[in-house]
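First comes the structure, then the notes that go with it.
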Amino acid sequence: MELTTTEIKLLHYLSDGQFHSGKQLALEFDVSRTSIWNYLKNLEKFGIDFHAVKGKGTRLAKPIELLNKQLILERLTPGASIFLNQLDLLNSLPSTNKYLVQKNQSQKLENGMVCIAEMQTSGKGRLGRDWISPFAQNLYLSFLWNFKTGIGALSGLSLACGLAVCHALKNIGLEGHELKWPNDILFGGKKLAGILVEIQGESQDEYTAVVGVGINCNMTAQEAKKIEQPWTDIKAIMSEKPFSRNALASELISQVLKMLSAFESEGLKPLLPQWDKYDACKDKEVRIISGASSCLGVAKGVTELGELKLLNSRGDVERITSGEVSLRLE
Ligand code: BTN
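Under the numbering used here, think of the first position of the sequence shown as 448, with each following residue one higher.
Pasting the structure below:
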């Protein structure tokens, strides 16, 4: 199920929040009033509600903030804009990660290529999961960066990016969010944002990383039914405080690009004290699930290679490189 270009244009038109009559919309879009009605019905299937009043016309039931490239670029922090090479804003695509991976295959991309989309039709999560990506409600972004290092040096990259997302959330006024190894961003134990890093190797010492970030901002109830884990969104957390998706997108782009550049030169080591502050698992009993097997222990922070330190029942500290952490509830 996808939105057509005309439906997306119609939504942009209605995002002024004003009433528009069917006749006026039909004239504007050079289609029949029945077509307009059908477009509105289809938009409703994407969780966008309308308010129709006889004699006045139709308007959006609640305001919708569409992404605006100009606004996003204007708000980038000065220290970060030097790292941005290009920003592609798309209405709908299968996945922003896939977009950058494919674009890089057809033309070698420079560091700091960023893609942001209003909607993903096949958003990818970690461990083969789907990432539910409804139109104009959340944020879906991907970043491309080339590293001239061995693959080993990239093992902490996803943790560093998790930290950058935490910084961006803090800068828009959010507090109390945490990191669950390797890179889940949680609030109150529920998933708020996730990161998917995909690495392609050109040669032994040259790798391209595509870092995908998804943040739940305003998840629609309809789409939320498809999420298979406890989740939350910014709207629920910030309840009363107004917040702008465009402002958060600027913050994210600024923080992630700065982080990619810093990580390239210094790795994860200088970031460990910051990671510690956000660590949701530190000194807690956890279960590490890896495929069909799992093990228990007490989480003791992360290493400079991005491994999880796990104190086992024999008193040894193991270094976990992959798997999923389940926080054991008392
Ligand atoms: C996770 O499962 O925690 C990772 C989720 C990553 C989702 C983002 S949304 C933007 C980018 N494009 C994708 O297809 N996935 C990532």
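Don't be surprised by glycine CBs; every beta carbon is placed ideally from N, CA and C.
- In this model, K470 and R480 are separated by some 6 angstroms (Cα to Cα).
- Counting along the chain, no alpha helix (DSSP H) covers D535; the unbroken beta strand (DSSP E) around it starts and ends at Q533 to L540.
- The criterion of a C-beta distance shorter than 8 angstroms is satisfied by A473 and I483.
- A distance below 6 angstroms between beta-carbons, with the five flanking residues on each side excluded, links G504 to the following residues of its chain, in chain order: F466, H467 and S468.
- CA-to-CA, the gap between L604 and V478 works out to about 50 angstroms.
- For a cut-off of 8 angstroms, the C-beta gap from G641 to G572 is around 6 angstroms, short enough to register as a contact.
- Rounded to whole angstroms, the Cβ separation of A746 and K731 is 6 angstroms, and the two are in contact under 8 angstroms.
- Relative to the Cα of I519, the nearest Cα in the group L450, F710 and S691 belongs to S691.
- With fewer than 16 other beta carbons inside 10 angstroms of its own, G762 counts as exposed.
- The Cβ-Cβ distance between F497 and A508 falls below 8 angstroms.
- Distances taken from the Cβ of G609 to the heavy atoms of ligand 1 include none shorter than 7 angstroms.
- Inter-residue distance for Y486 and Y546 is about 27 angstroms (C-alpha atoms, whole angstroms).
- Looking at N515, E454 and Q676, the one whose alpha-carbon comes closest to that of K637 is Q676.
- Separation of F590 and E653 (C-alpha to C-alpha, rounded to the nearest whole angstrom) is 17 angstroms.
- Around the beta carbon of K627, a 10 Å sphere encloses 16 or more other beta carbons of the protein chains shown; the residue is thus reported as buried.
- Proximity of the stretch 662-678 to the stretch 579-588 meets the contact definition, three or more beta-carbon pairs being nearer than 8 angstroms.
- Taking 8 angstroms as the cut-off, the beta carbon of I563 is found no closer than this to the beta carbon of L621.
- In the displayed model, W484 falls within a helix according to three-state DSSP.
- With contacts defined as CB atoms closer than 8 angstroms, L633 and H624 qualify as a contacting pair.
- Straight-line spacing of the CA atoms in A696 and V733 works out to 33 angstroms.
- Residue burial annotation: L457 is buried, with at least 16 other C-beta atoms found within 10 angstroms of its C-beta.
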